[in-house]
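> Have a look at this one.
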Amino acid sequence: MFRDLSYNQGLTGSLPASIGNLKNLTNLILVGCGFNGPIPDSIGSLSQLRFLSLNSNGFTGRIPPSIGKLSNLVWLDLADNQLEGPIPVSNVSTPGLDMLIHTQHFHFGKNKLSGQIPFQLFSSDMTLIHLLFESNELTGSLPSTLGLVQTLEVVRFDNNSLNGHLPLNLNNLSRVQYLFLSNNKLTAPLPDLTGMNSLNTFYCKLPPSNSGPLYSTPPSKNCLPVSCSSDQISSPTCKCAHPYTGTLLFGGISFSDFRTSTPYEILEWQLLQFFQSHQLPVDSVSLSDPRMDLFEYHLLDLAVFPYGQSSFNRTGIFMIAFVLSNPTFRAPRELFGPYTFIGDNYEHFSDEPANSKKSSIATKIGAAAGASVLFLLLVLAGTYAYRQKKRAERATKESNPFAHWDSKKSSGSIPQLKGARCFSFEELTKYTNNFSEANDIGSGSYGKVYRGTLPTGELIAIKRAQQGSVQGGLEFKTEIELLSRVHHKNVVSLLGFCFERGEQMLIYEYVPNGSLSDSLSGKSGIRMDWTRRLKIALGAARGLAYLHELANPPIIHRDIKSSNILLDERLNAKVADFGLSKPMGDSERGHVTTQVKGTMGYLDPEYYMTQQLTEKSDVYSFGVLMLEIVTARKPIERGKYIVKEVRLAMDKTKSLYNLQEILDASIGFVATPKGLEMVVDLAMSCVEESGADRPTMGEVVKEIENIMQLAGMNPNVESASSSATYEEATKGGSLHPYSDDSSAYSGAFPAPR
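Right, dumping it as structure tokens:
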């Protein structure tokens, strides 16, 4: 028997003791309801129970010791309530949580539990994977028995009042990936944790960003502060300059006293040593404004100051951006977790050529010493230039996997491509009118996007990598080989690439009707009736299912969102932008990543929490996309998260599930759109908290096909062509999917003018 009455705010009052009479109940899920009062002790009579989720209610009182009798329990979630008192363990007369040796999830965070963590709570017989007691009022030290539970992967005791030393045998927990112990009163020294082979880092939650800057690199004591012009900044060595700036995003930090300057000073010193050891033109670095974002990433502003001059040349900026973005530099692991670097635009390149001073000196010597010395200098310069050319050719051959490949030949190519070809730089220059502004149709984190016209008249889209996005040659080769194997009518096709003159460009098919995001927002002028929305959802689902189940190797997209679903001339959906995608072999399913990637609002909470990447992370994002299709709302809008809003408002006993205020009115509700409730049900199944409870994309495709058939639609008929409204809008040249500068490039392209 299964009971899921989650997110019914009308379910209030206390949970009746008669709940214990449901002897055959296996799943009791009452998440986000309005219950209060104590959890009845009779709940311990549900001997068949496997899943018990009472989180996000208003339950008070103590945790019933009788829960310890639920020997079949796999999932126990009592988080986000008002439970208080000690953690119950068994004794001669009463049961306790220590008896739940088959339970894999203990979720007790965000309560008022107090007292010490019982030594008896843990044993080597337990099979716990998640142990979450964050944000309670627990005191005392962590018991050494915690080190006996060797199945643990995520441990959270942050935001309590724990003290003392960490137990030495934590080193035995080789499977732990995340250990949250911040905001306690723990004391040094840390034990040896080298045996925790899977551990990424400790995590520490910083105060909100509006609390003001906590650290900023001070000027050196060996110099006097200087006054700089409005467009320059004083460096730590008291020199006015134009620094290269950006933001470091860390997955977490290990120190709880984030107001101390020591960790930042260590990071500064290691950054400077790294730059200088690699002979980069860096004088000093500064860090400032540590803060947290919505996903609790630790953000830190970085400024890198040039050596010997007031600004960097292009080579210097390129090399610094390269080592930070790869990332070649490794932050001290004992203090900082994995990071991502986002560089700002640099507009102060040095106008003086690198060899201008040498040329000036050579001219003076030539004038003074006469023609013979000048001749000697020319010979030396010629020899030097020849050697530099040979050295550059060798470097090119080593770094360019296509160095010996003749792009004009149709065979013998090094990259193993399927249906894609190499374009020369000269060709693309011609097709884009020398990469003119008129052909510039968008930009994003990868670089600019240009519209090109082939000699046949066919339109193409060219993504030109900017300096910070250029990959290594072998990485680029691997990416184009992967993308060239993707062939499906609901996936944007790669037509070719360019790898010349230090340039990296990807050439895609041109998709004329913009993105789904444009259409839902009204920007494109396309009328989005209910039939059209269903067909677009089906097309996008088929494309994603192909990537998961039929592509070789399978691919996890990692950034499914409405701006990455493009619409062709017949409004068929095409999945686009594989900039974050990851090939997924059988051995990589459940792969733990070093950096969580995706877009806020679409990001799978389980993936963010564990950094364990599976295809179910894409399924979650697709569920958010489906909610966006029926509401025309962005996932996060004015501080409200669409998934939570739908859950709170949803009432299946009422018409349209009581979602009239949330659903997009342009769908039309004079007659209930057929299948709308089923689409909402499917979307909510995709955004289940646990990936194991979500359907596969293949199952999503079948369900959408079923919904369409029940609504009297043929799922195998292509979408209709663009509406007259849209075509009239494009004639005037007003349509431009990239007019919003705050939007990153989505892979969509405006109609040709």
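Residue numbers (the working numbering): 19 to 771. We put the CB at the ideal spot given by N, CA and C, even for glycine.
1. The alpha helix (DSSP H) that contains M523, what's its start and end?
2. Would you call V110 buried or exposed, if buried means 16 or more other Cβ atoms sit within 10 Å of its Cβ?
3. Skipping 5 residues on each side, what residues in its chain have a beta carbon closer than 6 angstroms to that of S245?
4. Using 7 angstroms as the threshold, is the C-beta distance between V49 and S74 below it?
5. Where does A349 sit, in a helix, a strand or coil, going by DSSP?
6. How would you write the range of the beta strand (DSSP E) that F515 sits in, first residue to last?
7. Here's the rule: buried if 16 or more other CB atoms are within 10 angstroms of the residue's CB, otherwise exposed. What is S200?
8. CB-CB under 6 angstroms to E606, same chain, minus the five flanking residues each way: which ones, in chain order?
9. Is F354 close to chain B, meaning its C-beta is less than 7 angstroms from at least one C-beta of that chain?
10. For E521 and N724, what's the separation of their Cα atoms in angstroms?
11. What do you get for I480, buried or exposed, if any count of 16 or more other CB atoms within 10 angstroms of its CB means buried?
12. Ends of the beta strand (DSSP E) at V173?
13. Where do the N-terminal and C-terminal ends of the alpha helix (DSSP H) with L728 fall, by residue?
14. Suppose the cutoff is 8 angstroms on Cβ atoms and the five residues either side in sequence are ignored; what does the same chain contact list for V705 look like?
15. May I have the straight-line CA-CA distance separating S36 from S89, to the nearest angstrom?
16. Unbroken beta strand (DSSP E) runs of length 3 or more, entirely within the segment 31 to 57: which are they?
17. Over the uninterrupted beta strand (DSSP E) stretch that includes L70, give me the two end residues.
18. So what does DSSP say about V504, is it helix, strand or coil?
19. If we count the other Cβ atoms within 10 Å of its Cβ and call it buried at 16 or more, is H183 buried or exposed?
20. Does the Cβ-Cβ distance between T450 and G470 come in under 7 angstroms?
21. Does DSSP put Q288 in a helix, in a strand, or in coil?
22. Just to confirm the assignment, what range does the beta strand (DSSP E) spanning A563 have?
23. Apart from the five residues on each side of it in sequence, which residues of its chain come closer than 7 angstroms, Cβ to Cβ, to P350?
24. How many Å lie between V300 and L317 at the Cα?
25. Could you have a look at E444 and say whether DSSP puts it in helix, strand or coil?
26. Quick test of your reading: G103 and K87, contact by CB under 8 angstroms. State the CB separation rounded to the nearest angstrom.
27. When DSSP labels each residue in this structure, what does E365 get in the three-state scheme?
28. Take S703 as the anchor and find which of S454, K692, I685, I722 has the nearest alpha-carbon.
29. Thinking C-beta only, is V529 closer than 7 angstroms to G561?
30. Which residues in the same chain have their Cβ closer than 7 angstroms to the Cβ of M731, if we skip the five residues on either side of it in sequence?
31. Is DSSP giving F77 helix, strand or coil here?
32. Note down, in chain order, each residue of its chain lying with its Cβ closer than 6 angstroms to the Cβ of G31, except the 5 sequence neighbours on either side.
33. Which two residues bound the contiguous alpha helix (DSSP H) that contains V167?
34. So what does DSSP say about C258, is it helix, strand or coil?
35. If you drop the 5 nearest sequence neighbours on each side, which residues of the same chain put their C-beta closer than 7 angstroms to that of N187?
36. How would you write the range of the beta strand (DSSP E) that D622 sits in, first residue to last?
This is what the structure holds:
1. Careful: M523 lies outside any alpha helix (DSSP H), inside the beta strand (DSSP E) at 523 to 527.
2. exposed
3. Scanning its chain for C-beta atoms nearer than 6 angstroms, with the 5 sequence neighbours on each side dropped, one finds no residue around S245.
4. In this structure, S74 lies closer than 7 angstroms to V49 by Cβ.
5. Note: A349 maps to coil in three-state DSSP.
6. Per DSSP, F515 belongs to the beta strand (DSSP E) from 512 to 516.
7. Buried, by the Cβ-count rule.
8. A caution first: E606 carries a pLDDT of 44, below 50, which makes its placement in the model too unreliable to give a value.
9. The structure shown contains no chain B; it is built from a single protein chain.
10. Roughly 47 angstroms separates the two Cα atoms.
11. buried
12. 172 to 174
13. DSSP places L728 in the uninterrupted alpha helix (DSSP H) bounded by 715 to 728.
14. Y638, G641, V642, L645, V661, R712
15. 20 angstroms
16. 45 to 47, 52 to 56
17. 69 to 71
18. coil
19. Counting Cβ neighbours within 10 Å, H183 comes out exposed, since fewer than 16 surround it.
20. yes
21. helix
22. First-last for A563: 548 to 567, but that is the alpha helix (DSSP H), not the beta strand (DSSP E).
23. Taking P350 as the centre and dropping the five residues before and after it, the same chain places the C-beta of I284, L285, Q288 closer than 7 angstroms to its C-beta, in chain order.
24. 22 angstroms
25. helix
26. Not confirmed; about 19 angstroms, so no contact.
27. coil
28. I722
29. no
30. T549, L552
31. Assigned with DSSP and collapsed to three states, F77 falls in strand.
32. none
33. V167 -> no alpha helix (DSSP H), and no H or E assigned at all.
34. strand
35. S162, G165
36. Neither: D622 is in no beta strand (DSSP E) and is coded neither H nor E.
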